[in-house]
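Chemist: Quick one: the structure is below, and I'll ask about it shortly.
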Amino acid sequence: MRTRFTIMITMILFLISCAFIEDTNEVQNVNFNVQDSNGQAISFESHPEKMVVYDAAAVEILLAMDEGNRILATHEFVELPENSSQIERVGDAFNVNYEKVVELDPDLFFVFYDTFSKELEELGIKVLYLNSLDSDLEDIRAHMKIWGLITGNNEGVDKLIETFDNKLNIVTDSIPTVPTKPSVYYHTFDYWTPGGDTLIGNIFELLNTDMVSQNLTGYNQISLEELVAKDPEYIFTDAWGIDQIKSEQALQSVSAIKNNQVYVLQNGSLSIASHNIVLAIEEISSIIYE
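Residues -16 to 273 (the working numbering) make up the sequence shown, in order.
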């Protein structure tokens, strides 16, 4: 991951150094490239004004930068802040209404996985694919920088990163040194859980915990027998996973369940790789250490 992040940051610095931006009272001429996750250079001759953003993390970042006016549409699974304007939906995370997208005529269609790229490009739509599924906290900063470049709002993104870093530093500085790390399990559904090389694994390592699935790679299923043997002290999950955990008879001997230490996060999500992830990190730290 560290190598991937170094390459991404080098790419960003290169792009910024090569970008030509000339301001007048009416026109801003821009010429820059962004390298996508397939290694392809995507060229921009202007900052896109009309975007379909098929990624919850990117939507959150753009809204926080006050760039939400550029978002034409997203997918059904994106949850918007209560005070934000409604954004049109053109499908879900697994399907796209291509006819509607063509009708909207976006300057850019952003995706965080590569499923729809070929079909969109065949329709003459510019696509930018940046993989945010396989990332860590440093990659989140890099993705925010890229949105600053794409929108031309470097000041807005710098403030966002500064706030993100300040909040993260407060959490890490407050984590106590303990003789035995608290053991945790993160549950998605059907006992699929993140390994140590994922963003969530990176976060629980930062929080000085012993994630019971640390030795797994990517996302894998953990057996009920192994979960019982690992006996996590804390279980974290999303709203759709809580019932499965609490109703499973085989897990009733697990410390987290016996001691009522099973939590659905209320502030932010560990599954969305945006600046808001620090809110979930703050909440977990508070639960474990306060």
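Glycine is no exception: its CB is placed at the ideal position from the N, C-alpha and C atoms.
Between which two residues does the beta strand (DSSP E) harbouring L55 extend?
Modeler: Within the sequence shown, numbered from 1, the residue matching residue 55 stands at position 72. It spans 54 to 57 - the beta strand (DSSP E) in which L55 sits, taken as one unbroken run.
Chemist: Do the CB positions of I108 and V84 come within less than 9 Å of each other?
Modeler: Sequence index remark: in the sequence shown, residue 108 carries index 125 (1-based). Sequence index remark: in the sequence shown, residue 84 carries index 101 (1-based). Going by C-beta atoms, I108 is nearer than 9 Å to V84.
Chemist: Consult DSSP for A76 and reduce its assignment to one of helix, strand or coil.
Modeler: The residue you call residue 76 lines up with position 93 of the sequence shown. Here A76 sits in coil by DSSP.
Chemist: Quick check on the burial criterion: 16 or more other C-beta atoms within 10 angstroms. Buried or exposed for F27?
Modeler: One-based indexing of the sequence shown puts residue 27 at position 44. The residue in question, F27, is buried, as its Cβ has 16 or more Cβ neighbours within 10 Å.
Chemist: Put L189 into one of helix, strand or coil per three-state DSSP.
Modeler: Translated into positions along the sequence shown, residue 189 becomes position 206. Helix, per DSSP.
Chemist: Excluding five sequence neighbours on each side, which residues of the same chain lie with their C-beta closer than 6 Å to the C-beta of N114?
Modeler: Locating residue 114 in the sequence shown gives position 131, counting from the first residue. So the list reads S20, once near-sequence residues are dropped.
Chemist: Considering only residues of the same chain and omitting the five flanking positions on each side of L248, which have a CB-CB separation below 8 Å?
Modeler: For the purposes of this step, residue 248 is taken as residue 265 along the sequence shown, with counting starting at 1. Answer for L248: F219, D221, A263, E266, I267, listed in chain order.
Chemist: What are the boundary residues of the alpha helix (DSSP H) that includes I133?
Modeler: Position 150 of the sequence shown holds residue 133. I133 -> alpha helix (DSSP H) spans 120 to 134.
Chemist: Going by Cα to Cα distance, which pick from I183, D193, T181, V237 is closest to E208?
Modeler: Along the sequence shown, one-based indexing puts residue 208 at 225. Comparing Cα-Cα distances from E208 to each of I183, D193, T181, V237, the minimum goes to V237.
Chemist: For the structure I just gave you, are there three or more beta carbon pairs, one from the segment 243 to 257 and one from the segment 39 to 46, closer than 8 Å?
Modeler: yes
Chemist: Whole angstroms is fine: what's the gap from S29's alpha carbon to S68's?
Modeler: In the sequence shown, counting from the first residue as 1, residue 29 sits at position 46. In the sequence shown, counting from the first residue as 1, residue 68 sits at position 85. In a straight line, the C-alpha of S29 is about 25 Å away from that of S68.
Chemist: Do L91 and V110 have their C-beta atoms closer together than 9 Å?
Modeler: Locating residue 91 in the sequence shown gives position 108, where the first residue counts as 1. Locating residue 110 in the sequence shown gives position 127, where the first residue counts as 1. Contact check for L91 against V110 passes: the beta carbons are separated by less than 9 Å.
Chemist: So, is V10 buried or exposed, given that buried needs 16 or more other C-beta atoms within 10 angstroms?
Modeler: Numbered from its first residue, the sequence shown carries residue 10 at position 27. Unreliable positioning characterises V10 in this predicted model, as indicated by a pLDDT of 41, which lies under 50. The coordinate reading is nonetheless provided below. Classification of V10: exposed, given that the 10 Å Cβ count is below 16.
Chemist: Could you pull out every residue in the same chain whose Cβ sits closer than 7 Å to the Cβ of V79, ignoring the five residues on either side in sequence?
Modeler: Locating residue 79 in the sequence shown gives position 96, counting from the first residue. Correct list, in chain order: V73, F99.
Chemist: Which residues mark the beginning and the end of the alpha helix (DSSP H) in which L103 is found?
Modeler: The count along the sequence shown starts at 1 and reaches residue 103 at position 120. First-last of the alpha helix (DSSP H) with L103: 100 to 105.
Chemist: Give the C-beta separation of F87 and A56 to the nearest angstrom, bearing in mind that I take them to be a contact with Cβ-Cβ under 8 Å.
Modeler: Along the sequence shown, one-based indexing puts residue 87 at 104. Along the sequence shown, one-based indexing puts residue 56 at 73. Correcting the residue type first, residue 87 is Leu in the shown sequence and not Phe. Yes, L87 and A56 are in contact; Cβ-Cβ is about 6 Å, under 8 Å.
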